[in-house]
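Colleague:
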Amino acid sequence: MEPLYYVMAIMGCADSGAACQEARVEPVRYESAATCRSAMNEALLRNTDLSFPTISAACQSNTERMARTQGDSSRG
Numbered sequence: 015m016e017p018l019y020y021v022m023a024i025m026g027c028a029d030s031g032a033a034c035q036e037a038r039v040e041p042v043r044y045e046s047a048a049t050c051r052s053a054m055n056e057a058l059l060r061n062t063d064l065s066f067p068t069i070s071a072a073c074q075s076n077t078e079r080m081a082r083t084q085g086d087s088s089r090g
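Per this note's numbering, numbering of the sequence shown is gapless, rising by one per residue and ending at 90.
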């Protein structure tokens with residue numbers, strides 16, 4: 015199983031903060047969601063060159079979590 019880390023997506027949004035789309039992903043990897051969230055303000059300041067009325071950030075895990083179904087012997 016690969017180690018879990020978080021990346022920060024910088025989102026460009028309409029005036030209302032709705033209709034957001036991913037504009038960039040910060041190159042830094044964070045060891046926890048909390049450390050990712052604590053870096054958001056600085057990351058947003060680094061990305062003020064985006065041409066959207068509103069920018070926001072979201073921390074995302076690097077791995078997809080797969081559900082294990084009963085009788086599924088393909089995963090250990």
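Note that CB positions come from ideal geometry on N, CA and C, so glycine has one too.
#1: Would you check whether the ligand PLP has a heavy atom nearer than 7 angstroms to the C-beta of Ser46?
#2: Is it buried or exposed for Ala28, if we count other Cβ within 10 angstroms and need 16 for buried?
#3: Only counting runs of 3 or more residues, tell me where the beta strand (DSSP E) segments fall wholly within the region 22-64, in order along the chain.
#4: My guess is that Met22 and Ala57 are in contact by the Cβ rule of under 8 angstroms, so how many angstroms apart are they, rounded?
#5: Alpha carbon to alpha carbon, how far is Ser88 from Tyr19?
#6: Please report the distance separating the alpha-carbon of Ser65 from that of Ala33.
Modeller: Taking the structure as given:
#1: Summarising the ligand content, the structure contains no ligands, and the ligand PLP is consequently not present.
#2: Exposed, because fewer than 16 other Cβ atoms sit within 10 Å of the Cβ of Ala28.
#3: If we require 3 residues or more, the beta strand (DSSP E) runs fully inside the region 22-64 come out as 35-39.
#4: Rounded, the Cβ-Cβ distance is 5 angstroms, consistent with contact.
#5: Legend: pLDDT at Ser88 = 46, less than 50; position of this residue unreliable, value from coordinates given subsequently. If I take the Cα positions, the gap works out to 25 angstroms.
#6: Rounded to the nearest angstrom, the gap between the Cα atoms of Ser65 and Ala33 is 14 angstroms.
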